[in-house]
Amino acid sequence: MFYREAGQFKTSYEADQALFPIRQDRIGLGIILAIAFVVIPLTANAFFLTSIMIPFLVFALATIGLNILTGYAGQLSLGTGAFMGVGAYSAYKLTSIFPEANLILVILLSGVFSAGIGVVFGLPSLRIKGLYLAVTTLAAQFFLEWCFIRIPWLYNYNASGAIEVQQRELFGVIATGAAATPLTRYFIVLSIVIALTWLVSNVIRGRIGRQWMMIRDMDIAAELIGVRPLTAKLSAFAVSSYLCGVAGAMMVFFWLGAAEPSAFAISLSFQVLFMAILGGLGSLTGCYMGAAFIWILPVLLRVLLPSLGLSVAAETVQHLTFMIVGALIIFFLITEPHGLARLWRIGKEKLRVWPFPYG
Amino acid sequence: MKHSYLAYGLAGAIMAGSLAAPQVQAEDSIYVPLFSYRTGPFAGSGIPIANGMSDYLTMLNERDGGIGGVKIVVEECETGYNTQKGVECYELVKPKNPVVLNPYSTGITLQVIPKASADRIPVLSMAYGLSAAAEGKTFPWIFNPPATYWDGASAIVKDIANREGGLENLKGKKIGYIFLDAGYGREPIPLMEQLSKDYGFTLTQYPVPATEMQNQSSQWLNVRRDRPDYMIMWGWGAMNPTAVKEATKIRYPMDRFYGVWWSGGNDDAAAGGMDAKGYRTLNFHGVGTDFPVISDIKKYVVDAGKSQVDPAKFADNLYNRGVYNSMLIAEAIRRAQQLTGKKVVNAEDVRAGFEALDIDAARIAEMGMTDFMAPLKLSCEDHNGHNDVYVVEWDGTTWQRATDWFSPMVDVVQPLLVAAAEEYVKTNAPWPERDVPCAGE
Chain A
1 MFYREAGQFK TSYEADQALF PIRQDRIGLG IILAIAFVVI PLTANAFFLT
51 SIMIPFLVFA LATIGLNILT GYAGQLSLGT GAFMGVGAYS AYKLTSIFPE
101 ANLILVILLS GVFSAGIGVV FGLPSLRIKG LYLAVTTLAA QFFLEWCFIR
151 IPWLYNYNAS GAIEVQQREL FGVIATGAAA TPLTRYFIVL SIVIALTWLV
201 SNVIRGRIGR QWMMIRDMDI AAELIGVRPL TAKLSAFAVS SYLCGVAGAM
251 MVFFWLGAAE PSAFAISLSF QVLFMAILGG LGSLTGCYMG AAFIWILPVL
301 LRVLLPSLGL SVAAETVQHL TFMIVGALII FFLITEPHGL ARLWRIGKEK
351 LRVWPFPYG
Chain B
1001 MKHSYLAYGL AGAIMAGSLA APQVQAEDSI YVPLFSYRTG PFAGSGIPIA
1051 NGMSDYLTML NERDGGIGGV KIVVEECETG YNTQKGVECY ELVKPKNPVV
1101 LNPYSTGITL QVIPKASADR IPVLSMAYGL SAAAEGKTFP WIFNPPATYW
1151 DGASAIVKDI ANREGGLENL KGKKIGYIFL DAGYGREPIP LMEQLSKDYG
1201 FTLTQYPVPA TEMQNQSSQW LNVRRDRPDY MIMWGWGAMN PTAVKEATKI
1251 RYPMDRFYGV WWSGGNDDAA AGGMDAKGYR TLNFHGVGTD FPVISDIKKY
1301 VVDAGKSQVD PAKFADNLYN RGVYNSMLIA EAIRRAQQLT GKKVVNAEDV
1351 RAGFEALDID AARIAEMGMT DFMAPLKLSC EDHNGHNDVY VVEWDGTTWQ
1401 RATDWFSPMV DVVQPLLVAA AEEYVKTNAP WPERDVPCAG E
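Going down the list, the protein sequences come from chains A and B. So in the numbering used here the end of the first sequence lands on 359, straight run, no missing numbers. So in the numbering used here the end of the second sequence lands on 1441, straight run, no missing numbers.
Laid out in C-alpha cells, this is it:
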C-alpha cells in the first residue's frame, strides 16, 4: 500500500539497472538529501552539527570502508582505527608540505596512502582467513599506532606528539582550524561522504563488487570460475583502507581539530566494527544506521537524561549510557542478527503488502 | 516478527524523546563547567580531583552565597579523559556561556586551546597542558598557574642536584624518565634533554603506552638493567600505582624515585605499601586537613551531605589540588567583579580577572589558606607565575613535607617557553594576534 511498486514499468536496461529502481526509494532519498543539505543547515545549532552530524558522517564513511572489507569481501579486520590514522597523518603531512594545495584534494589524496598501507597489510589475506586474518590486521593496528608515536617526522617534531590542524581555506572560505564555522565543515564532510558513498555503491554493483562477494561466499568456487583472489582481495583492502583513510583525515580536520595517537587506538577499530555489525554487514544503508546508533545514541542519552529533570551526576549518566547502549546492542542483535539494515528491509516488505499480512 | 516491531517502537521512542530542549541557565548566576572524569582508566586520579573542585565551589555557595553575592552554577561534564568526549563537552557547555573552562587533561587542553582562543573563553589548565601557554602575549586566553611542566621537571632536577651537592655533581649521573606516552608525558622531554646537555647527565626514557599502563614490567626490567641513579615519573591514573608497585618490586631505592605533582595521589603511593616509603613527589599546595578552608568544606559540604567524597579520602593530596584549582577560578571571578564593578561577570571579564590575579599573603589568610599555598601573581606577559614548589615524601601512610618551598629553574625554562610559543604560532599559522588589553594595570 505505502510501498507499492505496481505500475512502475522499466522499458530500458538503464532503468532496470538504476541505483534506485523503485520510485519510492528515489523520493525517500530526495527527502533525506533535502533534509541533510537544507533543513539541517537552516535549523541545527552548532552542537548538533559539530558533535552529532559531523562525527556521524565521518563514522558512517569509516563503517562503509570496513563493510567493504568485512561485509562484502568477507575479510575480517581489526585495523580500521589505524588505517584511519594513516589517512589523518598523511593529510596532516600533505597540508604542512603543500600549504597551498586544495584541501579537498589533500583529503582525497590522503586516502591513497592509507590504501597503499592497507594493501601491504592485506597481503596475508591471500594465505589466511577468518580469525587468523583478524590477528594480522590487529598487528597492523599496533604497528601503525607505534609508528604514530615513535616517528616524530609524522607529527612534525611537535613537542606534545599531537597533530594540530592549521587554518586552511577552501574557495576563500576558512574550512579548517578553530575559525572555521561548523556549517562549512558540515557541508564539506557531507559532500565528500555522499560522493564517496555514491561511487562505492556503483563499484559494489559492478564487476569488482561482484568479485568481492564471490570471494566472500566461497573463494574456491570463485577462483574456479575465473576470479583472481589476488586482485579481488587486495582491491577490497585498497578500497576499504582508502575510505577509512579519508574518514580519518576528515575526523581530525573537520571534527576534532587535533589528535593524539591514542585517538586511533584499538577502541576506535572496535567502535567502527560494532557500527558495521549492528548496522548490517553487506549493506550501505546499514552503515549509516549503525553509525547513527552507536554514535548518536550515547550523545543524546547524555544530553537527554539530565534534561528529563532527573538530577543525576555526570558520571552516573556515563555509566547509564554504557548500560543502555550495551543492552540495546544485545537486544537488537538478538531480535535481528543481520543488523538494522535487515530490520529496515523487513519493514519495507511489510509496507509493501500492508494492510494484508501475507502478500 | 513481533520482536522487530518492539525494536522499532523502542528506537522511535528514544529518538522522539531526545528532541527535548536543553535547559536554560538563570540570568543571575555564573556558570562554571568542570570537565571531570569519574570513569575510565584515569578515574583513580580523576575522582579526588573532581570532588575537590566541586566541593570548594559548593562551599562558597553554601557559606558565602556564592562569589560577591552571585551563586555559582557548577556542572560536571564527564570526559573519561577521552579527547573525543572532551571536544563534545566543549561544544556542549559553550552555548551556556561558561566563564572559564577546566579541561583537566593535557590532551583535551591541546584540542581546546585553538577553539577557546577563537571563541573567547578563558581556559584554566592548572599546572598541566601546554607549557608554552604561559606566554600571555601569545596565548591571551590560556592560563596555567602556578607552574608549568617544565618548571616541574627543572625543580626535580634541582632537588636532585641539592642532594648531590650542587648542579656540577650531576655530571656523569644517569636519570631515568618514565612517562605516560601521550601529550602529557612527552611535554617535559625537550626541557629534560636541554638540562641533560647543560649539566652532563644521561637521560634514559621509558615510555609507557596508555593501553599498557597496568603492565609496566618490561619498562621496569629495563630500569633494573640500566640502574639509573634517579628516576622521574610523569604518570597519571592507573599508571602511578603500577609504577610505584613495580619500583618496590625491583627494590629501586624509593627516595631516589620522584613523581611530578600529578603522580602524588595518596592511592598512588599507597599501592607500594610500606615499601614505598621515601617516594617523593612535587607539590604546590598543602596536604592534610589542618587548614581553615578544609574545615569549612567539611562543615558546609561534606557533613551536610552535599559532597560525593568518600570520608576516608577527604582532603587527600589530589582532593586538595582540586580545591586549589577551584580557588583559582573563584579568585579570578572575584577579581573580575572588582575590575568591572559588575556582579555577573562574563568570560571576557574573567579572562581579565585571571590576568590581574594577585593573591598575596593577606588574601591567603582571609581565605583560610595560610601555609596551604604560596602567593601567586599573574600578569599580561606571564600567565603562569612560575611559582615555588616543594617536595613531599611518602612515609608509608601519608605525605610529609620533605623540603622548603623552592623556585624552579625559571632562567632555563623561560627562553624555552618563548621559543616554544613562537614555534606554536608558526605551526598553527595564522594564529590570532593578541587583541585584548592588559588587565589590571
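We put the CB at the ideal spot given by N, CA and C, even for glycine.
For a test of the three-state rule: what should DSSP assign to residue i, helix, strand or coil?
i	result
residue 1038 of chain B	coil
residue 173 of chain A	strand
residue 1319 of chain B	helix
residue 1202 of chain B	strand
residue 2 of chain A	coil
residue 1031 of chain B	strand
residue 1098 of chain B	coil
residue 1126 of chain B	coil
residue 1413 of chain B	helix
residue 212 of chain A	helix
residue 1268 of chain B	helix
residue 222 of chain A	helix
residue 362 of chain A	Any answer about residue 362 of chain A is impossible in this case: the structure gives chain A only from 1 up to 359.
residue 1025 of chain B	Caution is warranted here: a pLDDT of 46 is assigned to residue 1025 of chain B, below 50, making its placement in the model unreliable, and no coordinate value can be reported.
Mind checking which residues open and close the alpha helix (DSSP H) that includes residue i?
i	result
residue 65 of chain A	54-67
residue 103 of chain A	103-122
residue 24 of chain A	23-34
residue 1393 of chain B	Premise fails: residue 1393 of chain B lies in the beta strand (DSSP E), 1390-1394, not in any alpha helix (DSSP H).
residue 289 of chain A	284-291
residue 1113 of chain B	1106-1119
residue 244 of chain A	229-250
residue 92 of chain A	80-97
Any beta-carbon of chain A closer than 8 Å to the one on residue i?
i	result
residue 1111 of chain B	yes
residue 1087 of chain B	yes
residue 1427 of chain B	yes
residue 1269 of chain B	no
residue 1186 of chain B	yes
residue 1195 of chain B	no
residue 1023 of chain B	Confidence is the limiting factor: at residue 1023 of chain B the pLDDT is only 42, short of 50, which leaves the residue's position unreliable and the question unanswerable from this model.
residue 1092 of chain B	yes
residue 1001 of chain B	Residue confidence is low: residue 1001 of chain B scores 40 on pLDDT, short of 50, so the model does not pin down where it sits. Its coordinate-derived value is still stated next. So yes, residue 1001 of chain B belongs to the interface.
residue 1084 of chain B	yes
residue 1438 of chain B	no
residue 1118 of chain B	yes
residue 1280 of chain B	no
residue 1130 of chain B	yes
residue 1038 of chain B	yes
Terminal residues of the continuous beta strand (DSSP E) containing residue i?
i	result
residue 1079 of chain B	First-last for residue 1079 of chain B: undefined, no H or E at that position.
residue 1282 of chain B	1280-1283
residue 1400 of chain B	1399-1401
residue 1180 of chain B	1174-1180
residue 1259 of chain B	1257-1259
residue 1234 of chain B	1230-1234
Rounded C-beta distance between residue i and residue j? I'm assuming under 8 Å.
i	j	result
residue 1078 of chain B	residue 314 of chain A	4 Å
residue 241 of chain A	residue 149 of chain A	Wrong, their Cβ atoms sit about 20 Å apart, outside the cutoff.
residue 124 of chain A	residue 136 of chain A	4 Å
residue 1287 of chain B	residue 1320 of chain B	6 Å
residue 1333 of chain B	residue 1323 of chain B	Going by Cβ atoms, the distance from residue 1333 of chain B to residue 1323 of chain B rounds to 16 Å, so no, they are not a contact pair.
residue 53 of chain A	residue 68 of chain A	23 Å between Cβ atoms; not a contact.
residue 1230 of chain B	residue 1175 of chain B	5 Å
residue 1242 of chain B	residue 1425 of chain B	That belief does not hold up - the Cβ atoms of residue 1242 of chain B and residue 1425 of chain B are roughly 38 Å apart, past 8 Å.
residue 1327 of chain B	residue 1056 of chain B	6 Å
Is residue i close to chain B, meaning its C-beta is less than 8 Å from at least one C-beta of that chain?
i	result
residue 258 of chain A	yes
residue 299 of chain A	yes
residue 110 of chain A	no
residue 312 of chain A	no
residue 177 of chain A	yes
residue 360 of chain A	The requested residue 360 of chain A does not occur in the structure, where chain A is confined to residues 1 to 359.
residue 141 of chain A	no
Does the ligand FAD have a heavy atom nearer than 7 Å to the CB of residue i?
i	result
residue 1349 of chain B	No copy of the ligand FAD appears in this structure; indeed no ligand is present at all.
*Output, in sequence order along the chain, the residues in the segment 263-281 of chain A whose CB is closer than 8 Å to any CB in chain B.*
263, 265, 266
*Compile a chain-ordered list of the residues in the segment 74-98 of chain A whose CB is closer than 7 Å to at least one CB of chain B.*
none
*Mind checking the segment 162-173 of chain A against chain B and listing, in chain order, the residues whose C-beta falls within less than 9 Å of any C-beta there?*
162, 164, 165, 166, 167
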